[in-house]
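Student:
Number of protein chains: 2
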Amino acid sequence: MSSSDKTRPRAVTSIDVAERAGVSQSTVSRALSGSETITEATRRRVERAAEELGYQVNARAAGLRRGETGTIAIVVIGREGEGPAAVNPFYYSLLGSTCAAAAERGYEALVSFQAKPDEFFGHYVARRQADGVVVIGTATNRPAWDYFTACAKTAGGMAFWGSPFDDSVWVRSDNRAGGRLAVDRLVRGGAKEIVFVGDPASSQRQFRERYEGYREAMEAAGLTPGEAVVSGGTDRVSQGRNAIGQLVESGAPFDGLFFACDAMALGALEELAARDLSVPDDVGVIGFDGLGSGEFSAPPLTTVEPDFARAGQLLVETALAAGDERPERRVAVHLVERASVR
Amino acid sequence: MSSSDKTRPRAVTSIDVAERAGVSQSTVSRALSGSETITEATRRRVERAAEELGYQVNARAAGLRRGETGTIAIVVIGREGEGPAAVNPFYYSLLGSTCAAAAERGYEALVSFQAKPDEFFGHYVARRQADGVVVIGTATNRPAWDYFTACAKTAGGMAFWGSPFDDSVWVRSDNRAGGRLAVDRLVRGGAKEIVFVGDPASSQRQFRERYEGYREAMEAAGLTPGEAVVSGGTDRVSQGRNAIGQLVESGAPFDGLFFACDAMALGALEELAARDLSVPDDVGVIGFDGLGSGEFSAPPLTTVEPDFARAGQLLVETALAAGDERPERRVAVHLVERASVR
DNA sequence: CTGAAAGCGCTTACAG
DNA sequence: CTGAAAGCGCTTACAG
Numbered sequence: 001m002s003s004s005d006k007t008r009p010r011a012v013t014s015i016d017v018a019e020r021a022g023v024s025q026s027t028v029s030r031a032l033s034g035s036e037t038i039t040e041a042t043r044r045r046v047e048r049a050a051e052e053l054g055y056q057v058n059a060r061a062a063g064l065r066r067g068e069t070g071t072i073a074i075v076v077i078g079r080e081g082e083g084p085a086a087v088n089p090f091y092y093s094l095l096g097s098t099c100a101a102a103a104e105r106g107y108e109a110l111v112s113f114q115a116k117p118d119e120f121f122g123h124y125v126a127r128r129q130a131d132g133v134v135v136i137g138t139a140t141n142r143p144a145w146d147y148f149t150a151c152a153k154t155a156g157g158m159a160f161w162g163s164p165f166d167d168s169v170w171v172r173s174d175n176r177a178g179g180r181l182a183v184d185r186l187v188r189g190g191a192k193e194i195v196f197v198g199d200p201a202s203s204q205r206q207f208r209e210r211y212e213g214y215r216e217a218m219e220a221a222g223l224t225p226g227e228a229v230v231s232g233g234t235d236r237v238s239q240g241r242n243a244i245g246q247l248v249e250s251g252a253p254f255d256g257l258f259f260a261c262d263a264m265a266l267g268a269l270e271e272l273a274a275r276d277l278s279v280p281d282d283v284g285v286i287g288f289d290g291l292g293s294g295e296f297s298a299p300p301l302t303t304v305e306p307d308f309a310r311a312g313q314l315l316v317e318t319a320l321a322a323g324d325e326r327p328e329r330r331v332a333v334h335l336v337e338r339a340s341v342r
Numbered sequence: 001m002s003s004s005d006k007t008r009p010r011a012v013t014s015i016d017v018a019e020r021a022g023v024s025q026s027t028v029s030r031a032l033s034g035s036e037t038i039t040e041a042t043r044r045r046v047e048r049a050a051e052e053l054g055y056q057v058n059a060r061a062a063g064l065r066r067g068e069t070g071t072i073a074i075v076v077i078g079r080e081g082e083g084p085a086a087v088n089p090f091y092y093s094l095l096g097s098t099c100a101a102a103a104e105r106g107y108e109a110l111v112s113f114q115a116k117p118d119e120f121f122g123h124y125v126a127r128r129q130a131d132g133v134v135v136i137g138t139a140t141n142r143p144a145w146d147y148f149t150a151c152a153k154t155a156g157g158m159a160f161w162g163s164p165f166d167d168s169v170w171v172r173s174d175n176r177a178g179g180r181l182a183v184d185r186l187v188r189g190g191a192k193e194i195v196f197v198g199d200p201a202s203s204q205r206q207f208r209e210r211y212e213g214y215r216e217a218m219e220a221a222g223l224t225p226g227e228a229v230v231s232g233g234t235d236r237v238s239q240g241r242n243a244i245g246q247l248v249e250s251g252a253p254f255d256g257l258f259f260a261c262d263a264m265a266l267g268a269l270e271e272l273a274a275r276d277l278s279v280p281d282d283v284g285v286i287g288f289d290g291l292g293s294g295e296f297s298a299p300p301l302t303t304v305e306p307d308f309a310r311a312g313q314l315l316v317e318t319a320l321a322a323g324d325e326r327p328e329r330r331v332a333v334h335l336v337e338r339a340s341v342r
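In the order they appear, the protein sequences are chains Y and P. Going by this note's numbering, the first residue of the first sequence is number 1, and it counts up by one from there. Going by this note's numbering, the first residue of the second sequence is number 1, and it counts up by one from there.
(1) Below 7 Å between beta carbons is the criterion; list the residues of the segment 76-89 of chain Y that meet it against any residue of chain P, in chain order.
(2) Thinking C-beta only, is P/Ala177 closer than 9 Å to P/Gly222?
(3) Throw me the rounded Cβ distance for the Y/Thr149 and Y/Phe165 pair, which I believe falls under 8 Å.
(4) From the DSSP output, in three-state form, read off Y/Pro225 for me.
(5) Given a threshold of 16 other Cβ atoms within 10 Å of its Cβ, counted over all protein chains shown, does P/Ser35 qualify as buried or as exposed?
(6) Between Y/Arg127 and P/Val57, how many whole angstroms is the CB-CB distance? I'm expecting something under 8 Å.
(7) Helix, strand or coil: which one does DSSP assign to Y/Gly137?
(8) Shortest alpha-carbon distance to P/Gly294 belongs to which of P/Ala228, P/Gly226, P/Gly137, P/Cys261?
(9) Residues of the segment 87-108 of chain P with a CB closer than 7 Å to any CB of chain Y: list them in chain order, please.
(10) Which residue marks the beginning of the beta strand (DSSP E) containing Y/Gly287, and which one marks its end?
(11) Between P/Thr154 and chain Y, is the shortest Cβ-Cβ distance under 9 Å, so that the two count as touching?
(12) Leaving out the 5 sequence neighbours to the left and right, which residues in its chain are closer than 8 Å to P/Arg338 when beta-carbon positions are compared?
(13) Excluding five sequence neighbours on each side, which residues of the same chain lie with their C-beta closer than 7 Å to the C-beta of P/Thr69?
(14) Are the segment 236-253 of chain Y and the segment 206-220 of chain Y in contact at 8 Å, needing three or more beta carbon pairs?
(15) What does a CB cutoff of less than 7 Å around Y/Pro225 pick up in its chain, not counting 5 residues either side in sequence?
(16) Need the endpoints of the alpha helix (DSSP H) that P/Gly178 sits in, please.
(17) Let me make sure I understand the geometry here. Which of Y/Glu40, Y/Ala319, Y/Ala263 has the alpha-carbon closest to that of Y/Phe90?
(18) DSSP three-state call for Y/Phe160: helix, strand or coil?
(19) Give the interface partners of Y/Ser112 over in chain P, defined as CB-CB distance under 8 Å, in chain order.
(20) Any idea which residues DSSP pairs P/Arg330 with across the strands?
(21) I need the DSSP call for P/Ser4, collapsed to helix, strand or coil.
(22) Give every residue of the same chain whose Cβ lies closer than 6 Å to the Cβ of P/Arg45, excluding the five residues on either side of it in the sequence, and list them in chain order.
(23) Whose Cβ in chain Y lies nearer than 8 Å to the Cβ of P/Thr69?
(24) Among Y/Tyr124, Y/Ser173, Y/Tyr147, which one has its Cα closest to the Cα of Y/Arg329?
(25) Pick helix, strand or coil for Y/Ile38, following the three-state DSSP scheme.
(26) Cα separation between P/Ile74 and Y/Phe308?
(27) Whether or not the segment 270-289 of chain P and the segment 227-236 of chain P are in contact is what I'm after, with contact meaning three or more pairs of Cβ atoms, one per stretch, closer than 8 Å; do they touch?
(28) With a threshold of 16 other CB atoms inside 10 Å of the CB of Y/Gly162, please say whether the residue is buried or exposed.
(29) Report yes or no: is there a C-beta of chain P within less than 9 Å of the C-beta of Y/Ser2?
(30) Would you please state the rounded distance, in angstroms, between the beta carbons of P/Thr71 and P/Glu108? I believe it to be under 8 Å.
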């Protein structure tokens, strides 16, 4: 018979506020939502009552009535069967700036990490939990992208970064420009035999674009672009490591290395050191992504970084866009100068 | 007069499903929520109708009626005036595992990055947007912690990691055990003159606990614990760098260094290299946090890492706990062996 | 400028 | 086992 057996105390409602202020519920709603049609005196009375009662608008009820959710769902795709600890830090940065971009537009961000097929969920819009959903993460989780690509077909209101498919609503770095930036910088450092490391046929579609940028810049510089070096390995870091072994054993000369992503470059830096090849003196190295880890590698890694803030904005914009609008989908990149190029 | 001038198509409701299945709305609700009191035949009929119509329960309406939100808010506090790009990667890992822990318990995660005083918001529970809120992030943003500590006093349902205050509902690493782990390892590597670097009076309360662990282990090993080395600098990395300068100039001998956090250790590693001090031969180095960047430093950084998954669980548990329950609040730590100790 | 009433889409006593 | 009705807490036409 106790009045509060660990039940939450009943929340204060707009009716309580109305009563205290001596007005109707409608007036409370208008006063608190900033309607123009309310007397300043009334508004103040209502605001004081709300204040005194510690009243906060019930966002859920308001949204239900209004028909908007004010929320955007962000799903981060991980490697199959691995937890959030295995997520590439690049996607954490992207997550952060996407949340910030959502907030900027007045949206809340509902985030989830999804890696296992039996837990895939993308029907946020249908369930009215969100007005749009952005999906980011590793291209290597094929089942996940199959799932979300199918979602996008029936649902709309989705934006992708990292999808292995070209037919979805993706947002990407300006990868060709990035490839050119990297090669030009290597050339300025005196390199002539510049090699691209990474698989242009990778499920990460952006790799091919980076390779194309490499080719363009090589040709523009009067140099001969080579075939991409593709190496095995379970993760990007060991792929980078293995690439060096492969390269050295092939006997092909090289004085500049452009990696399809920072994780590979970081692995390569270790292997280069192990083989007593000096960076940047013997060979210049540039990565792609702007990973924080590159600040502490030996030497610190020069890299091509997308404008994360802009990436977040574009992702949110795209997810929220009504069908016909066509938001820009390429994110500008810039070179982060550290110390792995002369 | 067009029927769909860029208005979202009206969502399918449970009434539509009821109609199609030839049952009442109540039955649809029961069938889809897995109520026991429904005939298998009826349930199947309803499920098929829902399927055909592409119906998804409106989570907001259901929650409103049920009085639960099924959501937990996670706020990440950043350095005053800086964006998500400046957030310590440690907190990204913690964010990831907290999201995962929420999902494990069937909760959605509403995340926001907050750094500026005019955008602080913590009334998620009062606004019925969440059933609890976990706050994580840098202790250096004092106004933010003042704000959320005040929130916690009136609101309940909150859990903190990183708060500079002791009186809030915090969850923390088992820092003393971590300190002991680090010192013991350094001793095993042959070090005798082991120095603690970091400010025990820092707003980051965990630093003091780590220092205490250091003292305990030193004494237990029959060694003399020294005063902590406190150095200036705008961020942890430069504090670490400066600590080395300070230490070397002081002339005090040292052959083992335990840093209050990895960011400081990483800065120190650079400075040590610049001064031709070899790690781990001249001096062993151990950090705290388990930062991913430590994998790529020269040498890779040995560090004390909390059990992130457990940290997330405890945070969620604490935020969701009804007043009287007292969830465990210490997270176990372990040593990640890399190469900065002999 | 303000109020009474309807309704957003569910779930859950209450009947039968 | 199923249905009719009420109600979660708002906002917004519709009146006045």
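Even glycine gets a Cβ: it sits at the ideal position worked out from N, Cα and C. Note that this is a predicted model, so its numbers are computed, not measured.
Tutor: Concretely, from the data shown:
(1) Taking 7 Å as the Cβ-Cβ cut-off, the segment 76-89 of chain Y approaches chain P at Gly83, Pro84, Ala85, Val87, Pro89, given in chain order.
(2) no
(3) Rounded to the nearest angstrom, the Cβ distance from Y/Thr149 to Y/Phe165 is 5 Å, consistent with a contact under 8 Å.
(4) Looking at Y/Pro225 - three-state DSSP - the assignment turns out to be coil, as it is neither helix nor strand.
(5) P/Ser35 should be labelled exposed.
(6) Their Cβ separation, rounded to whole angstroms, is 6 Å, which keeps Y/Arg127 and P/Val57 in contact under 8 Å.
(7) strand
(8) P/Cys261
(9) Within the segment 87-108 of chain P, the qualifying residues are Val87, Pro89, Tyr92, Ser93, Gly96, Ser97, Cys99, Ala100, Ala103, Glu108.
(10) 284-288
(11) yes
(12) Gly294, Glu295, Pro299, Pro300, Leu301, Thr302, Thr303
(13) Gly63, Arg128, Gln129, Ala130, Asp131
(14) no
(15) Cβ neighbours of Y/Pro225 beyond the five flanking positions: Tyr214, Arg215, Met218, Glu219.
(16) 175-188
(17) Taking only the C-alpha atoms, the option nearest Y/Phe90 is Y/Ala263.
(18) strand
(19) Cys99, Ala103, Glu108, Ala109
(20) P/Arg172
(21) Note on P/Ser4: pLDDT 34, under 50, position unreliable in the model; no value is reported.
(22) Around P/Arg45: Ala21.
(23) Arg60
(24) Nearest of Y/Tyr124, Y/Ser173, Y/Tyr147 to Y/Arg329, Cα basis: Y/Ser173.
(25) coil
(26) Rounded to the nearest angstrom, the two C-alpha atoms are 21 Å apart.
(27) no
(28) buried
(29) Residue confidence is low: Y/Ser2 scores 34 on pLDDT, short of 50, so the model does not pin down where it sits. Its coordinate-derived value is still stated next. Chain P, which has no Cβ nearer than 9 Å to the Cβ of Y/Ser2, makes this no.
(30) With a Cβ gap of about 5 Å, P/Thr71 and P/Glu108 count as contacting.
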